[in-house]
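Protein chains in written order, with this note's numbering: chain A, 103 to 397; chain B, 439 to 972.
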């Protein structure tokens, strides 16, 4: 049986008195797309630096396809990486950077690279210093996807991309998964994670709070509904997916999880004057989630 | 809500500039004061009574002496001797530091994007630059004044000390203005530093030629270093050259300020090229890439070192003839650490030893640049490749050593060429032996830099340059003042044989190489275990 793409055991990192990562046990199976969520400073980038052997763990260990992360010459044969903050050599053009990374890296699918350059609408003739944040990220993304590496480690790769490019990114992730690659995607963009990930890990203050599959995460999505009505208040008790009902005069608030059909049927008998539905922000989900964890 | 006054904003920018400049400024000031103090205090024991008017005249007439060490005057006074011995060195040190500090805190900060936030506030580019200019000016005034105060305290006439100190300050101010101007023109810190240093380098060559060739003496009026020599402190105490220099500094500074308002933030007046076809030479391996990154700086260093040693070669006969005709100066020179200057081999050997300083600094600067690329994230994509850290470091070290080999070979070839042009007896093999002889000291720099890179990466430049620069300063002090023998023996220069006049000191070379290799091995051990920066 193939070893997991990523396996960490008691992985811990201290910077002086700051505990950046606390006893992380995580397994990412080969072939899955794994979302790594957490607020800023939660330890996402620290974890990735440990996985890549850029930093040394204070305790514990990480393995990439069974190889210790510190043995980078072996482990990196199967990794492609996109850092959160891409810095390019200012005097090298995009084409030269791709040539350098292609010839020193684990291998490159040139035809796929050319296709990605076209899809990401990347101008390769510019020197590194002339690229905007988004274009620097595109250079790194093209270089990483073109390796067809068995493990892609992507650290907030879409923070500087426009919506069109973000869509291309999602396509490329799906293609990588279909080709059998594992994708480790660190992000705080929940929509992106929801669109492409099979499983997510949630990190807070250096600790892994939970690992959940996407359906489990969707359960956390709770839509906030505000109903204004004339006449008697509707009866929502016991309706599937409805929670936290508050009546305030002629207004009614509740949260909705899952399909809205049962709630709408229950409201049909009422004379509804306005109906407002609002998706919760990522922050609200996180706060909600952490709140439940705290209880 | 309280409104922030423009005055408060200006004060904040001034404090920012001060924080970035104050520590190196203090170090430079301490060096200026320290070197001056040691030489003026050691005057009695080295030169003191050995010179009379006739000897002075002979010395002043020799073009080679004038070219290399500047026009000597008032050597019979402690002040005049100190100015002759240290004036050019301190002027070069102060002005080079001034250029590097100015481009670092202006164009460097702007290029990195850190000024975007600052300039999004209520202050415009000229105001922010003006505050930095003011702080840098104060810094160089302090450094120049430090040398002047030491000279006055040593009992030299205040008039001469004042003119000398003002001259040092004005040269450094000219350097600050020039760097500020090139920082408006060039879009990158490296480009701005390079072009400003090129102006200073041409100025230094103009001074040397003007001092050496009587008919071209007017060239000195066009060079900042020539102008401060023309002041002749403790002798003529002329004021006109100081006014010319002040005028030039003001003019260049005003031009920089005027241009600063006419460009976009992060852009220079010269636009960076927008695109070009790929040039993929040397991008196939990490070793090739290390060589490619070194090429441009190596060309600059080769040009500077080559020009200097070509001049050394050209001066070989006039210098040696003079010294063999004037044995008293040969004796004096021997006391100052230049032995056997009477023969071409002896003369070139003394100067080849100096080569260890620039080549050692080159080596340290390459490894410091490697750390800088790690810190700002340029190397991250290579560290993520299937290449171990120490293999990357090996590639960088080998490229640096290749660059070192090129530099010492360029120096030998240029000296040989110059000597051949004036029919001085110096075979190419002798010149090569002389320049390759400094390699153990350069290897010490490489070893020290790797040691720092493994355990204290931010100190790579300083620790790496220490064997060459610190060792050389220690050697100068040991020659000029009576330092205890064990202290002088710490300097690697104390153990370098005068090749090609003598045969190489193989034992000392072996010891230095062993130390260098041990330091490098220890550094590589640390490099394997540490966290990468950035």
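Each residue gets a CB set at the ideal place from its N, CA and C atoms; glycine is no exception.
For residue i: DSSP bridge partner residues
{"i": "residue 117 of chain A", "result": "A:120"}
{"i": "residue 161 of chain A", "result": "A:114"}
{"i": "residue 509 of chain B", "result": "In DSSP, residue 509 of chain B forms no bridge with anything."}
{"i": "residue 377 of chain A", "result": "A:329"}
{"i": "residue 304 of chain A", "result": "A:139 and A:312"}
{"i": "residue 255 of chain A", "result": "A:183 and A:286"}
{"i": "residue 355 of chain A", "result": "A:328 and A:348"}
{"i": "residue 108 of chain A", "result": "A:130 and A:166"}
Three-state secondary structure (DSSP) of residue i
{"i": "residue 239 of chain A", "result": "helix"}
{"i": "residue 527 of chain B", "result": "helix"}
{"i": "residue 624 of chain B", "result": "coil"}
{"i": "residue 436 of chain B", "result": "Because chain B in this structure spans residues 439 to 972, residue 436 of chain B falls outside the shown range and cannot be described."}
{"i": "residue 314 of chain A", "result": "strand"}
{"i": "residue 288 of chain A", "result": "strand"}
{"i": "residue 233 of chain A", "result": "coil"}
{"i": "residue 520 of chain B", "result": "helix"}
{"i": "residue 863 of chain B", "result": "coil"}
{"i": "residue 962 of chain B", "result": "helix"}
{"i": "residue 167 of chain A", "result": "coil"}
{"i": "residue 461 of chain B", "result": "helix"}
{"i": "residue 394 of chain A", "result": "Caution applies to residue 394 of chain A, whose pLDDT of 49 falls short of 50 and renders its modelled position unreliable; the value that the coordinates give is listed next. Looking at residue 394 of chain A - three-state DSSP - the assignment turns out to be helix."}
{"i": "residue 195 of chain A", "result": "strand"}
{"i": "residue 125 of chain A", "result": "strand"}
{"i": "residue 346 of chain A", "result": "strand"}
{"i": "residue 367 of chain A", "result": "helix"}
{"i": "residue 895 of chain B", "result": "helix"}
{"i": "residue 815 of chain B", "result": "coil"}
Rounded C-alpha distance that separates residue i from residue j
{"i": "residue 554 of chain B", "j": "residue 234 of chain A", "result": "14 Å"}
{"i": "residue 622 of chain B", "j": "residue 571 of chain B", "result": "13 Å"}
{"i": "residue 456 of chain B", "j": "residue 870 of chain B", "result": "46 Å"}
{"i": "residue 696 of chain B", "j": "residue 564 of chain B", "result": "8 Å"}
{"i": "residue 862 of chain B", "j": "residue 851 of chain B", "result": "14 Å"}
{"i": "residue 444 of chain B", "j": "residue 706 of chain B", "result": "26 Å"}
{"i": "residue 519 of chain B", "j": "residue 467 of chain B", "result": "20 Å"}
{"i": "residue 898 of chain B", "j": "residue 472 of chain B", "result": "24 Å"}
{"i": "residue 668 of chain B", "j": "residue 601 of chain B", "result": "11 Å"}
{"i": "residue 880 of chain B", "j": "residue 307 of chain A", "result": "47 Å"}
{"i": "residue 758 of chain B", "j": "residue 955 of chain B", "result": "38 Å"}
{"i": "residue 251 of chain A", "j": "residue 264 of chain A", "result": "25 Å"}
{"i": "residue 367 of chain A", "j": "residue 335 of chain A", "result": "14 Å"}
{"i": "residue 231 of chain A", "j": "residue 199 of chain A", "result": "12 Å"}
{"i": "residue 177 of chain A", "j": "residue 205 of chain A", "result": "17 Å"}
{"i": "residue 728 of chain B", "j": "residue 834 of chain B", "result": "5 Å"}
{"i": "residue 586 of chain B", "j": "residue 648 of chain B", "result": "26 Å"}
{"i": "residue 605 of chain B", "j": "residue 583 of chain B", "result": "10 Å"}
{"i": "residue 262 of chain A", "j": "residue 288 of chain A", "result": "14 Å"}
{"i": "residue 537 of chain B", "j": "residue 613 of chain B", "result": "6 Å"}
Buried or exposed (CB count within 10 angstroms, at least 16 for buried), residue i
{"i": "residue 439 of chain B", "result": "Confidence is the limiting factor: at residue 439 of chain B the pLDDT is only 47, short of 50, which leaves the residue's position unreliable and the question unanswerable from this model."}
{"i": "residue 394 of chain A", "result": "With a pLDDT of 49 at residue 394 of chain A, under the threshold of 50, the modelled position of this residue cannot be trusted, and the question is left open."}
{"i": "residue 397 of chain A", "result": "Below a pLDDT of 50, predicted positions are generally treated as unreliable, and residue 397 of chain A, at 36, falls in that range; no measurement from the model is reported."}
{"i": "residue 823 of chain B", "result": "buried"}
{"i": "residue 700 of chain B", "result": "exposed"}
{"i": "residue 874 of chain B", "result": "buried"}
{"i": "residue 318 of chain A", "result": "exposed"}
{"i": "residue 651 of chain B", "result": "exposed"}
{"i": "residue 597 of chain B", "result": "exposed"}
Partners in chain E for residue i, counting only beta-carbon separations shorter than 8 Å
{"i": "residue 281 of chain A", "result": "Here chain E cannot be found, since the structure's protein chains are A and B."}
*Chain-ordered residues of the region 818 to 829 of chain B with a beta carbon less than 8 Å from chain A*: 818, 819, 820, 821, 822, 823, 824, 825, 826, 827 and 829
*Closer than 9 Å, Cβ to Cβ, to anything on chain A: give me those residues from the region 696 to 719 of chain B, in chain order.*
710, 711, 712, 713, 714, 715, 716, 717 and 718
*Below 9 Å between beta carbons is the criterion; list the residues of the region 529 to 563 of chain B that meet it against any residue of chain A, in chain order.*
549
_Selection of the region 142 to 164 of chain A by Cβ proximity to chain B, strictly under 7 Å_ = 154, 156, 157 and 158
_Please list, in chain order, the residues of the region 222 to 249 of chain A that have any C-beta partner in chain B closer than 8 Å._
225, 226, 227, 228, 229, 231, 232, 242 and 245
*Near-chain A residues of the region 724 to 738 of chain B (beta-carbon distance less than 7 Å), N- to C-terminal order*: Taking 7 Å as the Cβ-Cβ cut-off against chain A, the residues of the region 724 to 738 of chain B that qualify are 724 and 727.
*asked:* By the 9 Å beta-carbon criterion, what residues does the region 348 to 362 of chain A contribute toward chain B?
replied: Residues of the region 348 to 362 of chain A with a C-beta less than 9 Å from any C-beta of chain B: none at all.
*Relative to chain A, which residues along the region 795 to 819 of chain B have a C-beta separation below 7 Å, given in chain order?*
814, 815, 816, 818 and 819
*Give, in chain order, every residue of the region 197 to 214 of chain A whose Cβ lies closer than 7 Å to some Cβ of chain B.*
197, 198, 201, 202, 203, 205, 206, 207 and 208
*Going along the chain, which residues of the region 884 to 900 of chain B sit with their C-beta nearer than 9 Å to a C-beta in chain A?*
none
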